[in-house]
Amino acid sequence: MKLSGHTILVTGGSAGIGLAFATKFLELGNEVIITGRRKSRLDQIKKNHPGLHTIASDVSDAASVASLAAEVREHFPRLDVLMNNAGVMVSRNLAVPAADLGALTSEIDINVNGTIRTTSALIDVIRANRGTIINVSSALAFVPLTSAPIYCATKAAIHSYTSSLRFQLQDAGVQVVELMPPAVKTELTEGLSEASGIKLITTDELVAATIKALEAGKVEIRPGQANQLHWMSRLAPGVINGMLHKASKPLIPGEGESGGGGSSAWGHRGGLA
Ligand SMILES: NC(=O)c1ccc[n+]([C@@H]2O[C@H](COP(=O)([O-])OP(=O)(O)OC[C@H]3O[C@@H](n4cnc5c(N)ncnc54)[C@H](OP(=O)(O)O)[C@@H]3O)[C@@H](O)[C@H]2O)c1
Numbered sequence: 004m005k006l007s008g009h010t011i012l013v014t015g016g017s018a019g020i021g022l023a024f025a026t027k028f029l030e031l032g033n034e035v036i037i038t039g040r041r042k043s044r045l046d047q048i049k050k051n052h053p054g055l056h057t058i059a060s061d062v063s064d065a066a067s068v069a070s071l072a073a074e075v076r077e078h079f080p081r082l083d084v085l086m087n088n089a090g091v092m093v094s095r096n097l098a099v100p101a102a103d104l105g106a107l108t109s110e111i112d113i114n115v116n117g118t119i120r121t122t123s124a125l126i127d128v129i130r131a132n133r134g135t136i137i138n139v140s141s142a143l144a145f146v147p148l149t150s151a152p153i154y155c156a157t158k159a160a161i162h163s164y165t166s167s168l169r170f171q172l173q174d175a176g177v178q179v180v181e182l183m184p185p186a187v188k189t190e191l192t193e194g195l196s197e198a199s200g201i202k203l204i205t206t207d208e209l210v211a212a213t214i215k216a217l218e219a220g221k222v223e224i225r226p227g228q229a230n231q232l233h234w235m236s237r238l239a240p241g242v243i244n245g246m247l248h249k250a251s252k253p254l255i256p257g258e259g260e261s262g263g264g265g266s267s268a269w270g271h272r273g274g275l276a
């Protein structure tokens, strides 16, 4: 895939991985639109990167996605790359009743339903422009980090959904890419320590490896430890699952350092839980 001259929408482009890709895409000569729920944050980013277009939007809200799609159709009809990146991760203790049954499935509403909705709302535009869809899943699509059990299930779901999407669009001239990042230093992984044996790469390292893979035409991109986890999940699933459980056990709320209760956000934005 040539990486200039596109019109690219990055959901959750106001922080971490999404922002790193958005600024790189801009630098490479693309028109780039980013979304996020917090308008104040988008306004701040616009100040630092005036070339980026920003639209406040919540992928977990169907009306908000419909309104985003309408705005994109009106102002960016040449949209040809959709990067479904918005996501949250919450540590959860499945052994105790959840205090809030609605919030218990927030990751599904955002990580899974958000990706499916955004794709559907813009699929005709992407098809008309013979474009590319990039779904951001995770290395944890293959192996569960047990402290974030629902998050890992959402990423496994995105892996399956992306495979079907790729087959359904294979004759439509639309390329479907799945990016499965390993652990990356962002707000989402603030609670994760390298002491557990999990290596955290920087967003710049992730972007550089992904750009190389996109240029080489790869449709399943597994940078660094993501590739190792993929193969371990096939060769010795019991071993790798046990290792990850041991590493993440202290992060289960009520089991270790995260304190009591049934859930806690990994990042600083506890309100997302
Ligand atoms: N960091 C890692 O180690 C890692 C590894 C594998 C995969 N991933 C995946 O990579 C993606 C980005 O993660 P990150 O680490 O960059 O996280 P991050 O730093 O916490 O950034 C998340 C971004 O998503 C936005 N967002 C969250 N909920 C949203 C919603 N409902 N609607 C629209 N935007 C929303 C956030 O903005 P607002 O809060 O303002 O909405 C923010 O811009 C996620 O899908 C994550 O699962 C991350």
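The opening position of the sequence shown corresponds to residue 4 in this note's numbering, with each subsequent residue numbered one higher.
Every residue gets a Cβ at the ideal spot worked out from N, C-alpha and C, and that includes glycine.
Keep in mind the model is a prediction, meaning the values are calculated, not measured.
For residue i, tell me which candidate among the options has the shortest Cα-Cα distance.
i: LYS221; options: ASP207, GLU181 and VAL128; result: GLU181
i: SER167; options: SER43, VAL99 and ILE119; result: ILE119
i: ILE37; options: ALA59, GLU30, LEU247 and LYS50; result: ALA59
i: HIS78; options: ARG130, LEU247 and VAL35; result: VAL35
i: PHE71; options: THR108, VAL128 and LEU238; result: Residue identity check: residue 71 is Leu in the sequence provided, not Phe. Selected option, being the one with the closest Cα: VAL128.
i: ASP61; options: GLU110, LEU172 and VAL84; result: GLU110
i: THR206; options: GLY134, ILE11, ALA25 and THR10; result: ALA25
i: ARG130; options: ASP112, GLN171 and TYR164; result: GLN171
i: PHE145; options: GLN231, HIS52 and HIS9; result: GLN231
i: ILE138; options: MET235, LEU195, SER196 and ILE161; result: Reading off the sequence, residue 138 comes out as Asn, not Ile. Considering only alpha carbons, the answer is ILE161.
i: ALA66; options: SER43, THR121, GLY134 and LYS249; result: THR121
i: ILE136; options: MET183, HIS56, LEU209 and THR165; result: THR165
i: MET4; options: ALA73, LEU209, HIS233 and ASP83; result: ASP83
i: ALA69; options: ASP174, ILE126 and ARG41; result: ILE126
i: HIS56; options: SER150, LEU12, LEU143 and HIS248; result: LEU12
i: ILE88; options: HIS248, GLY241, ALA239 and GLY21; result: Ile is not the amino acid found at residue 88; the sequence shown has Asn there. With distances taken between Cα atoms, ASN88 lies closest to GLY21.
i: THR10; options: ALA124, MET86, ARG44 and ALA73; result: MET86
i: ALA23; options: LEU238, GLU208 and GLY241; result: GLU208
Leaving out the 5 sequence neighbours to the left and right, which residues in its chain are closer than 6 Å to residue i when beta-carbon positions are compared?
i: GLY264; result: Residue placement at GLY264 is flagged as unreliable, the pLDDT there being 44, under the threshold of 50; the coordinate-derived value follows with that caveat. Excluding positions up to five away in sequence, the list reads PRO256.
i: ALA212; result: PRO226
i: SER63; result: ASP112, ILE113 and GLY117
i: GLU197; result: LEU203
i: MET235; result: ILE243
i: ARG133; result: GLY176
i: VAL115; result: THR157 and ALA160
Would you list the one or two residues that DSSP bridges to residue i?
i: ILE201; result: BP columns for ILE201 are empty, so no partner.
i: LEU182; result: VAL139 and ILE224
i: LEU85; result: LEU12 and ILE136
i: LEU58; result: Rather than Leu, the amino acid found at residue 58 in this sequence is Ile. Beta-bridge pairing links ILE58 to THR38.
i: LEU187; result: Note on residue identity: the sequence assigns Val, not Leu, to residue 187. Answer is ILE204, bridged to VAL187.
Tell me which residue opens and which closes the beta strand (DSSP E) that residue i is part of.
i: GLN173; result: GLN173 -> no beta strand (DSSP E), and no H or E assigned at all.
i: GLY39; result: 34-39
Hey, could you find the ends of the alpha helix (DSSP H) residue i is sitting in?
i: GLU218; result: 206-218
i: ILE129; result: 117-131
i: ILE111; result: Neither: ILE111 is in no alpha helix (DSSP H) and is coded neither H nor E.
i: GLY105; result: Counting along the chain, GLY105 falls outside any alpha helix (DSSP H), and DSSP gives it neither H nor E.
i: PRO256; result: Here PRO256 belongs to no alpha helix (DSSP H), and DSSP marks it neither H nor E.
i: LEU22; result: 19-30
i: SER67; result: 65-78
Enumerate in chain order the residues of its own chain whose CB-to-CB distance from residue i is below 7 Å, with the five nearest sequence positions on each side excluded.
i: GLY270; result: Only weak support exists for where GLY270 lies, its pLDDT of 42 falling under 50; the value from the coordinates is given anyway. Cβ neighbours of GLY270 beyond the five flanking positions: GLU190, LEU191 and GLU193.
i: ARG169; result: VAL179 and VAL222
i: PRO152; result: ARG95 and LEU97
i: SER141; result: LYS158, MET183 and PRO184
i: HIS52; result: THR26 and LEU29
Short of 8 Å in beta carbon distance, which residues of its chain neighbour residue i, apart from the five on each side in sequence? Order them along the chain.
i: LEU6; result: PHE28, LEU31, ASN33, ILE214, LEU217 and GLU218
i: MET246; result: GLY200
i: LYS202; result: PRO185, ALA186, GLY227 and GLN228
i: GLY54; result: LEU29 and VAL35
Please indicate yes or no: does the CB of residue i lie closer than 7 Å to some heavy atom of ligand 3?
i: ASN114; result: No copy of ligand 3 appears in this structure; the ligands present are ligand 1.
Would you check if there are 3 or more beta carbon pairs closer than 8 Å linking the stretch 94-106 to the stretch 156-164? no
With a cut-off of 8 Å, do at least 3 Cβ pairs link the stretch 39-48 to the stretch 13-29? yes
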